[in-house]
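Down below is the structure, laid out as structure tokens.
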Amino acid sequence: MADVQSETIERYLREGKITPDLEMPLGDRRSFKYFKEATAESYAKQYGWEMINPANMKDKFIRWLSAN
0 MADVQSETIE
10 RYLREGKITP
20 DLEMPLGDRR
30 SFKYFKEATA
40 ESYAKQYGWE
50 MINPANMKDK
60 FIRWLSAN
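Shown next as structure tokens:
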């Protein structure tokens, strides 16, 4: 939902800067973290991340393809 690298999300989770609204275990070592839309928008505003939405999704994807 936010235009930010997954490594950044993982680091912020480890550092306690962000907290998921729900965490579901996937085996012994992994879990899937869920964020409510309002929570994700709040973190995006706090950390300067741009939200991905239907209006900007195609442009972001094309830019990502061009960069890779």
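With numbering that gives the first Met the number 0 applied, the sequence shown has no gaps in its numbers, which climb one by one up to 67 at the end. Ideal Cβ positions, reconstructed from N, Cα and C, are used throughout, including at glycine.
Can you tell which of the options has the C-alpha that lies nearest to the C-alpha of residue i?
i      : options                          : result
Pro-19 : Lys-59, Gln-4, Asn-52 and Tyr-42 : Tyr-42
Using only the alpha-carbon positions, how far apart do residue i and residue j sit?
i      : j      : result
Thr-38 : Asn-55 : 20 Å
Arg-13 : Lys-57 : 31 Å
Leu-21 : Arg-28 : 16 Å
Glu-6  : Pro-53 : 24 Å
Pro-24 : Ser-30 : 4 Å
Ala-66 : Gln-4  : 14 Å
Tyr-33 : Ile-17 : 11 Å
Tyr-11 : Gly-26 : 22 Å
Tyr-46 : Gly-15 : 14 Å
Ile-8  : Lys-35 : 15 Å
Buried or exposed: residue i, going by 16 or more other Cβ atoms within 10 Å of its Cβ?
i      : result
Ile-61 : exposed
State yes or no: is the C-beta of residue i within less than 8 Å of the C-beta of residue j?
i      : j      : result
Glu-40 : Asp-2  : no
Lys-44 : Ile-51 : no
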